[in-house]
Amino acid sequence: MDVKNFFTCTLNELLNQEGFKKVSIEIYPNRFRAVYNYIHHDRVGNELSTSVVELIGAPVGSLLCCSGHILKSYYDTPDESVRTKLRLEGNLTEIVNQFKYQFIYRIKNALSIRITELPSEILYHLIEYLNVQDIMNLLRVNQTWQRLLDDDYIWRKMYLSTYGENPDVEEYRSDGTAICNWRNLVIREFIKRKRMEAELRFSQDLSRRSLPASPRLLALPPAF
């Protein structure tokens with residue numbers, strides 16, 4: 001496949017399918033450069049804003065070395081580059097799919113808003129809709145969620161809304177609220193109830209296995 005044709009035609013078609021619109025393209029002896037707009041829409045299809053991406057391709061024999069740079073982003077995403085090397089030999093469908101996953105989709109992902117970049121107030125609001133299992137999973141994600149969840153108020157609210165009872169602690173304040181580590185209480189209660197559920201399932205499974213098999217009744221021969 002001709003490298004120049006792939007960059008100017010095939011790549012353009014792929015980008016159009018993914019919502020990119022070509023602004024300009026420049027052809028040089030040893031490289032190609034193109035600029036594309038990417039239109040951001042809300043959930044009902046209204047246009048929000050436009051991001052601008054620069055794509056550079058450098059042919060090296062049958063290879064096409066591509067890099068994508070975000071020149072302007074609606075979500076103020078970090079200035080990161082996406083790079084890939086594509087060998088333009090073999091099955092065209094495989095080449096196109098490889099380019100989509102290794103280059104185009106990574107550019108779209110770089111243009112997308114990351115949930116951890118939302119304001120803390122919004123993240124705290126999202127946390128209120130999560131259950132204990134979701135919270136436990138978030139603790140393993142990254143430092144942003146770990147920092148947000150380092151708040152005793154969140155764990156106290158989670159304990160009371162999930163388990164609906166005051167914890168078994170020894171000290172209380174004058175207003176009746178418990179003096180305790182709410183995070184440890186939630187985790188301990190979560191583990192205890194998970195263990196109880198597992199033991200109950202095991203005992204139910206064991207009882208089903210130990211039940212005697214129902215007798216098989218043989219049909220009597222017909223009377224003559």
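For the sequence shown, position 4 (counting from the first letter as 1) is numbered 4 according to full-length UniProt numbering, and the numbering increases by one without interruption.
Glycine included, C-beta positions come from ideal geometry on N, C-alpha and C.
As the structure is a computational prediction, the values presented were derived from the model and not from experiment.
Residue interval of the alpha helix (DSSP H) (run including T93): Taking the first residue of the sequence shown as 1, we reach residue 93 at position 93. Run containing T93: 92-99, per the alpha helix (DSSP H) assignment.
The region 195-209 / the region 143-151 touching (three or more Cβ pairs under 8 Å): No, because fewer than three Cβ pairs between the region 195-209 and the region 143-151 fall closer than 8 Å, the two stretches do not touch.
Delimiting residues of the alpha helix (DSSP H) encompassing L160: Here residue 160 refers to the residue found at position 160 of the sequence shown. 152-163 is the extent of the alpha helix (DSSP H) around L160.
Proximity below 8 Å, CB of S51 to CB of I70: Position 51 of the sequence shown, counting from 1, holds the residue named residue 51. Position 70 of the sequence shown, counting from 1, holds the residue named residue 70. In this structure, I70 lies closer than 8 Å to S51 by Cβ.
S203 (DSSP reduced to helix, strand or coil): Taking the sequence shown and counting its residues from 1, one reaches residue 203 at position 203. In this structure, S203 counts as helix in the three-state DSSP scheme.
Of the residues L92, N30, K192, the one placed nearest residue 301, counting alpha carbons only: With the chain covering 1 to 224 only, the question about residue 301 has no answer from this structure.
L130 in three-state terms, based on DSSP: Residue numbering aside, residue 130 sits at position 130 when the sequence shown is read from its first letter. Coil.
Residue nearest to V82 in terms of C-alpha spacing, selected from M136, F6, C66, I95: Working through the sequence shown from its first residue, we reach residue 82 at position 82. Closest option to V82, Cα to Cα, is C66.
First and last residue of the uninterrupted beta strand (DSSP E) at I104: On the sequence shown, residue 104 is found 104 positions in, with the first residue counted as 1. For I104, there is no enclosing beta strand (DSSP E), as DSSP marks it with neither H nor E.
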